[in-house]
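Residues in the sequence shown are numbered consecutively from 218, following my numbering. Below is one structure, written out as structure tokens, with a few remarks after it.
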Amino acid sequence: MIPGGGQPNMQQLLQQAQKMQQDLAAAQEELARTEVEGQAGGGLVKATVTGSGELRALVIDPKAVDPQDTETLADLVVAAVQAAGENAQALQQQKLGPLAQGLGGGSGIPGLPF
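In structure tokens form, the structure reads like this:
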């Protein structure tokens with residue numbers, strides 16, 4: 218209900234919704250292009266993911282490779298990828314959070330991770 222008893226301007230609401238949709242699409246495209254990094258073992262293993270969470274690169278320092286202890290290397294890889302994923306989620310929150318607020322809060326909006 219509009220203050221003063223007037224009816225909402227449907228054309229204006231539709232334009233606002235379309236602009237929000239365009240802004241959301243632009244933010245999602247930017248996330249897909251932006252890369253963030255996570256690391257483990259003091260930088261021995263580095264993972265690079267896009268802001269949308271796609272793994273793009275994995276760099277393993279030769280010092281992290283011990284043929285007798287592949288379990289530690291695997292743990293470092295998992296930790297680096299998880300750290301990169303957390304950084305990607307933080308970037309998503311930063312880029313998409315304000316748009317979700319404009320759509321009415323963010324919770325329960327399909328396709329948004331928060």
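Glycine is no exception: its CB is placed at the ideal position from the N, C-alpha and C atoms.
* Do you know offhand how far E271's Cα is from E246's? -> Rounded to the nearest whole angstrom, the C-alpha separation of E271 and E246 is 13 Å.
* Out of curiosity, what's the CA-to-CA distance linking L290 and K280? -> Taking the straight line from one Cα to the other gives about 10 Å.
* Asked: Based on Cα-Cα distance, which residue from G260, G255 and G259 lies nearest to V266?
  -> Of the listed residues, the one whose Cα sits closest to V266 is G255.
* Asked: Terminal residues of the continuous beta strand (DSSP E) containing Q229?
  -> Boundaries for Q229: no beta strand (DSSP E) harbours it, while the alpha helix (DSSP H) harbouring it runs M227 to R250, taken from the DSSP string.
* Between the beta-carbon of L230 and the beta-carbon of A257, is there less than 7 Å? -> Going by C-beta atoms, L230 is not nearer than 7 Å to A257.
* To do: Report the option in K236, L248 and K263 whose CA atom is closest to the CA atom of A307.
  => Here the closest residue by C-alpha is L248.
* Whole-angstrom C-beta distance between V253 and N304, which should lie under 8 Å -> The Cβ separation is near 4 Å, so the contact holds.
* Asked: Between A243 and K312, is the Cβ-Cβ spacing less than 7 Å?
  -> The Cβ atoms of A243 and K312 do not sit closer than 7 Å to each other.
* So, helix, strand or coil for E303, using DSSP? -> If DSSP states are grouped into helix, strand and coil, E303 belongs with the helices.
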